[in-house]
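The letter at position 118 of the sequence shown is residue 118 when you use UniProt numbering, and the numbering goes up by one with no holes.
Glycine is no exception: its CB is placed at the ideal position from the N, C-alpha and C atoms.
Worksheet for the structure shown next.
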Amino acid sequence: MQLNLARPKLASSGLFFSLREIAIIGIQMVSALEFIHSRNFIHGDIQPSHIVYDKSGEKVVLIGLGKARRLRDALTLRHFPELMPDTIGSPIFTSINSHHGHTLSRRDDMESLGYVLVYIYRGTLPWQQFPHTSIAEILKKKSSVNIEELCGGLEPLYNYLNSVKRLSFEETPDYVSLRQKLETLAAWS
1 MQLNLARPKL
11 ASSGLFFSLR
21 EIAIIGIQMV
31 SALEFIHSRN
41 FIHGDIQPSH
51 IVYDKSGEKV
61 VLIGLGKARR
71 LRDALTLRHF
81 PELMPDTIGS
91 PIFTSINSHH
101 GHTLSRRDDM
111 ESLGYVLVYI
121 YRGTLPWQQF
131 PHTSIAEILK
141 KKSSVNIEEL
151 CGGLEPLYNY
161 LNSVKRLSFE
171 ETPDYVSLRQ
181 KLETLAAWS
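Rendered as structure tokens:
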């Protein structure tokens, strides 16, 4: 069963997520990305439609691996060069690095997840204001937005996004710390 976080579904079905539910979704997605990254892959297309409930309806899982890319060279286990052109994913949720055509790394998956969490909290993102917004306009708005304002005053989301945006290209995210930041979100309920 698909979680279906798309805005029209939220609005029409009356389905809203509590901060606790958003925290649980975020924590489970950080764990899913940690697993994918541990297998030397980047998901590259984190968006609400790729987050689904499992058969039990208790856990969310990440799907949509069609745009996944290797993180490292299979023979040398070295990261692919940072400046290899690699624009993938939904422009609304993709990282700023992806907009610039940089090779994606773990930080980009984590940034995209941050945008998804903000989206399911707020119901929209500032760069979604117009139905036919160009990719260049999305990048301009995404690059200029204040993270604190983007997160709507929710310190745990701000702390999460601020942490992942500071990661370097080859840096391994501190998945435990990121989950802890999201755990504090549940306390805001």
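Residues that DSSP places opposite PHE41 in a beta bridge: Position 41 of the sequence shown, counting from 1, holds the residue named residue 41. BP columns for PHE41 point to ARG70.
Classification of LEU71 by the beta-carbon crowding that lies within 10 angstroms, buried from 16 upward: Residue mapping note: residue 71 aligns to position 71 of the sequence shown, counting from 1. The residue is buried, with at least 16 neighbouring Cβ atoms inside 10 Å.
Limits of the unbroken alpha helix (DSSP H) element including VAL116: Position 116 of the sequence shown, counted from the start, is the residue given in the question as residue 116. Segment 106-122, the alpha helix (DSSP H) holding VAL116.
Sequence-distant residues of its chain with Cβ nearer than 6 Å to PRO113 (five each side left out): The residue labelled residue 113 in the question sits at position 113 within the sequence shown. Pro is not the amino acid found at residue 113; the sequence shown has Leu there. Taken in chain order, the residues that qualify are MET29 and ILE46.
Residue of PRO48, ILE22, HIS79 and ARG20 minimising C-alpha distance to THR172: Indexing the sequence shown from 1 puts residue 172 at position 172. For THR172, the nearest C-alpha among the options comes from HIS79.
Helix, strand or coil at LYS154 [DSSP, three-state]: Stepping through the sequence shown from its first residue, residue 154 is reached at position 154. One detail in the question is off: residue 154 reads as Leu in this sequence, not Lys. Three-state result, LEU154: coil.
Delimiting residues of the alpha helix (DSSP H) encompassing VAL176: Taking the first residue of the sequence shown as 1, we reach residue 176 at position 176. Element bounds for VAL176: 175-186.
Residue interval of the beta strand (DSSP E) (run including ILE51): Position 51 of the sequence shown holds residue 51. Its beta strand (DSSP E) spans residues 51-53.
Inter-stretch contact (C-beta, 8 Å, three-pair minimum) for the stretch 54-73 and the stretch 143-150: no
Euclidean distance between Cα positions of residue 194 and LEU33: Residue numbering for the chain in the displayed model covers 1 to 189; residue 194 lies beyond these limits and cannot be assessed.
7 Å Cβ shell around GLU155 - same chain, five flanking residues per side excluded: By 1-based counting over the sequence shown, the position of residue 155 is 155. None.
Local Cβ density within 10 Å of GLU111, reported as buried at 16 or more and exposed below that: The sequence position of residue 111 within the sequence shown is 111, counting from 1. Buried, by the Cβ-count rule.
Inter-residue Cα distance where the pair is LEU182 and LEU125: For the purposes of this step, residue 182 is taken as residue 182 along the sequence shown, with counting starting at 1. For the purposes of this step, residue 125 is taken as residue 125 along the sequence shown, with counting starting at 1. Near 19 Å, if we compare the C-alpha coordinates of LEU125 and LEU182.
For PHE17, the nearest candidate out of PRO48, SER98 and PRO91 (CA to CA): Taking the first residue of the sequence shown as position 1, residue 17 is located at position 17. Per the Cα distances, PRO48.
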